[in-house]
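Notes to accompany the following structure.
Residue numbers (our numbering), protein chains in the order written: chain A, 22 to 62; chain B, 11 to 305.
In structure tokens form, the structure reads like this:
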């Protein structure tokens, strides 16, 4: 739970802009999704 | 009996959180969960099922193999690729069949008939706060508005039998068919909004739908302190729409705590619980009298 995430969402600010520490996590997640989709062909 | 429907223009505003707490506070009200695509009020209210009846909301085609002349007309007309050729037999794939009836219409041998199929369940449960009726669609099924109507009819019947003064309906998010079915026949609608750009946009859309049904409109601003600026904007827009603002609920991590334990928030003691109790008192008066605007 992090109130700052909820506050950023309320203002329409993407999480990765409001809290840059999440950038790497989301980049890695996007890469894992892309890999999983590719693996399925 | 007064029928109150709790709705929200968008998901995630806290509609079911508020509805569950109102049921807990109302004592003796009958509740109906009409968010049939994702019913979860029974989890908060700890419902014990008393009865479960199948909901038949759609049809599917059935081929009588004795009459089938294997002409293939059904397969050619089906837009959903639901007619399979298995060996030398024509068969219907029930997962692909949309129940449109085109195959039955074109079959020259009269070998295809349409049969009702089960699309979900309707449950009647006992909770510590009274009777709850809820619907549950099966995966991939449609006609959720029809299921909402059946859930409400059953809830009204029970409320009538029990002499309940209030029926509290947890509606669906959005403005689509199930929402329209949720609002139909309601005396009042309580819109749960949050201070966000998306909520402001969707609040105005759902208010338009609710007004069509001539329901008295109430507003609750959830998580109001997350953006005081947007909270003000939402409150002003709601007042212009003629909604009666019942109050604000602060952002409170205790709400998540209560949800994790399957409890209505008002069974806990945080700031959100206090705010919802105050809102309930105003709602009681507002349902039968005049309210005040926001701000």
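Where is the CB? At the ideal position from N, CA and C, for every residue including glycine.
Same chain, Cβ closer than 8 Å to residue 74/B, neighbours up to 5 away in sequence not counted: The residue given as residue 74/B occupies position 64 in the second chain. So the list reads 121, 122, 123, once near-sequence residues are dropped.
In terms of residues, what are the limits of the alpha helix (DSSP H) holding residue 171/B? Position 161 of the second chain holds residue 171/B. 154 to 172 is the extent of the alpha helix (DSSP H) around residue 171/B.
Can you list, in chain order, the residues of its chain with a C-beta nearer than 6 Å to that of residue 63/B? Leave out the 5 residues immediately preceding and following it. Along the second chain, one-based indexing puts residue 63/B at 53. Excluding sequence neighbours, residue 63/B sits near 132.
Short check: CB of residue 274/B to CB of residue 33/B, under 9 Å? Start at 1 with the first residue of the second chain, and residue 274/B comes out as number 264. Start at 1 with the first residue of the second chain, and residue 33/B comes out as number 23. Contact: yes.
Who are residue 198/B's beta bridge partners in DSSP? Numbered from its first residue, the second chain carries residue 198/B at position 188. Partner(s): 14/B, 226/B.
Is residue 39/A close to chain B, meaning its C-beta is less than 9 Å from at least one C-beta of that chain? Along the first chain, read from residue 1 onward, the residue named residue 39/A stands at position 18. With 9 Å as the cut-off, residue 39/A does not count as an interface residue toward chain B.
Would residue 28/B pass as an interface residue toward chain A - the criterion being a Cβ-Cβ separation below 9 Å? Position 18 of the second chain, counted from the first residue, corresponds to residue 28/B. For residue 28/B, the answer is no, since every Cβ of chain A falls outside 9 Å of its Cβ.
Residue 306/B: which of 56/B, 117/B, 72/B sits nearest, CA to CA? The requested residue 306/B is not part of the displayed model; chain B covers only 11 to 305.
Would you kindly work out how many angstroms separate the C-alpha atoms of residue 145/B and residue 172/B, rounded to a whole number? Within the second chain, the letter at position 135 stands for residue 145/B. Within the second chain, the letter at position 162 stands for residue 172/B. Between the C-alpha atoms of residue 145/B and residue 172/B there is a straight-line separation of about 20 Å.
Residue 137/B - DSSP class collapsed to helix/strand/coil: Indexing the second chain from 1 puts residue 137/B at position 127. Three-state result, residue 137/B: strand.
Might you give, ordered along the chain, the residues of its own chain that have their beta carbon closer than 6 Å to the beta carbon of residue 197/B, omitting 5 neighbours on each side? Locating residue 197/B in the second chain gives position 187, counting from the first residue. Excluding sequence neighbours, residue 197/B sits near 12, 13.
Closer than 9 Å between beta carbons: that is the criterion. Which residues of the region 185 to 209 of chain B meet it against chain A? 204, 205, 206, 207, 208, 209
Please state whether DSSP places residue 64/B in a helix, a strand or coil. In the second chain, the residue the question calls residue 64/B occupies position 54. Strand.
Closer than 6 Å by C-beta to residue 57/B: which residues in its own chain qualify, once you throw out the five before and the five after it? Chain order, please. Here residue 57/B refers to the residue found at position 47 when the second chain is read from its first residue. So the qualifying residues of the chain are 135, 137, 142.
Which residues bound the alpha helix (DSSP H) around residue 296/B? In the second chain, the residue the question calls residue 296/B occupies position 286. Per DSSP, residue 296/B belongs to the alpha helix (DSSP H) from 281 to 298.
Should the region 212 to 230 of chain B be regarded as contacting the region 39 to 58 of chain B, the criterion being three or more beta carbon pairs within less than 8 Å? no
So, is the C-beta of residue 24/A closer than 9 Å to a C-beta in chain B? Here residue 24/A refers to the residue found at position 3 when the first chain is read from its first residue. Cβ-Cβ to chain B under 9 Å: yes for residue 24/A.
Spatial neighbours of residue 290/B in its chain, beta-carbon cut-off 7 Å, leaving aside the 5 residues before and after: Taking the first residue of the second chain as position 1, residue 290/B is located at position 280. For residue 290/B, where only same-chain residues beyond five positions count, the Cβ hits under 7 Å are 32, 35.
Determine the DSSP secondary structure at residue 243/B, reduced to helix, strand or coil. In the second chain, counting from the first residue as 1, residue 243/B sits at position 233. Residue state, collapsed to three classes: helix.
Below 9 Å between beta carbons: does that hold for residue 201/B and residue 17/B? The residue you call residue 201/B lines up with position 191 of the second chain. The residue you call residue 17/B lines up with position 7 of the second chain. Cβ distance < 9 Å, so residue 201/B and residue 17/B count as in contact.
Among the residues of its own chain, which have a CB less than 7 Å from the CB of residue 153/B, if the five just before and after it don't count? As a working note, residue 153/B is residue 143 in the second chain. So the qualifying residues of the chain are 67, 68, 129.
If the cut-off is 8 Å on Cβ atoms, which residues from the region 227 to 243 of chain B count as contacting chain A, listed in chain order? Listed in sequence order: 233, 236, 237, 240.
Assuming residue 249/B and residue 205/B make a contact with CB atoms under 8 Å, what is their CB distance in whole Å? The residue labelled residue 249/B in the question sits at position 239 within the second chain. The residue labelled residue 205/B in the question sits at position 195 within the second chain. Going by Cβ atoms, the distance from residue 249/B to residue 205/B rounds to 15 Å, so no, they are not a contact pair.
Beta-carbon of residue 32/A versus every beta-carbon of chain B: anything under 9 Å? Taking the first residue of the first chain as position 1, residue 32/A is located at position 11. Taking Cβ atoms only, chain B reaches closer than 9 Å to residue 32/A, which makes this a yes.
If the criterion is Cβ atoms closer than 9 Å, does the pair residue 177/B and residue 223/B meet it? As a first step, residue 177/B must be located in the second chain, where it is residue number 167. As a first step, residue 223/B must be located in the second chain, where it is residue number 213. One thing to note: residue 177/B has its Cβ no nearer than 9 Å to the Cβ of residue 223/B.
Which of helix, strand or coil does DSSP assign to residue 56/B? The count along the second chain starts at 1 and reaches residue 56/B at position 46. Residue 56/B falls in the coil class under three-state DSSP.
Own chain residues within Cβ distance below 6 Å of residue 19/B, not counting five before or after: Residue 19/B sits at position 9 when you count from the first residue of the second chain. 212, 213, 215, 216.
Beta-carbon proximity check, residue 38/B vs residue 175/B, cutoff 9 Å: As a first step, residue 38/B must be located in the second chain, where it is residue number 28. As a first step, residue 175/B must be located in the second chain, where it is residue number 165. Going by C-beta atoms, residue 38/B is nearer than 9 Å to residue 175/B.
Which first and last residues belong to the beta strand (DSSP E) in which residue 271/B is found? Translated into the one-based positions of the second chain, residue 271/B becomes position 261. Annotation for residue 271/B: no beta strand (DSSP E) segment contains it, and DSSP assigns it neither H nor E.
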